[in-house]
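Residue 3 is where the sequence shown starts when you use the numbering used here, and the numbers rise one by one after that.
Where is the CB? At the ideal position from N, CA and C, for every residue including glycine.
First the structure, in the form of structure tokens, and then the observations on it.
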Amino acid sequence: MRFLSRRLVMPNDLNYANSLFGGRALEWIDEEAAIYAICKLETNCLVTKHIGEISFESAALQGDVVEFGLETKKVGRTSITITCLVRNKATKKTICLADDIVFVQVDPKTRLPIPHGKTMALLSKQTESEINTLDD
């Protein structure tokens, strides 16, 4: 799993118990997963279809830096399924795991699902190429 982005937990992100509000974490997860899917499928004509099991493991507090690990779980004809792990950057302790986040590519005019033409093998090759480029 690659950890691709980070966020700082700010006062506006807190719940009544002074820890990261679950709704804010879910907002971040949906946004981070969408960005990941957009980059993988090379289109921004995607919609969130489904978010499966969400498990909150530990709290994040004001001032904590949280990071988002994302990976492709499955690739369908019109969809991509992603797993997102949110963890504390300093302690590496899991804050939240969101599994089976499904995005579907849609036609920009009709908003109906359309094939994206990607496979798991193609996306793996794309990731490998991206990693090699980072080393340059």
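| query | result |
| --- | --- |
| Out of G25, S126 and C86, which one is the CA nearest neighbour of S7? | C86 |
| Could you pull the start and end residues of the alpha helix (DSSP H) that K127 belongs to? | M122 to L136 |
| Suppose the cutoff is 7 Å on Cβ atoms and the five residues either side in sequence are ignored; what does the same chain contact list for R26 look like? | D15 |
| I need the DSSP call for G78, collapsed to helix, strand or coil. | coil |
| Please report the distance separating the alpha-carbon of A36 from that of D102. | 13 Å |
| Just confirm the distance between the C-beta atoms of K94 and V68, as a whole number of angstroms; I'd bet it's less than 8 Å. | Incorrect: roughly 11 Å between the Cβ atoms, too far for contact. |
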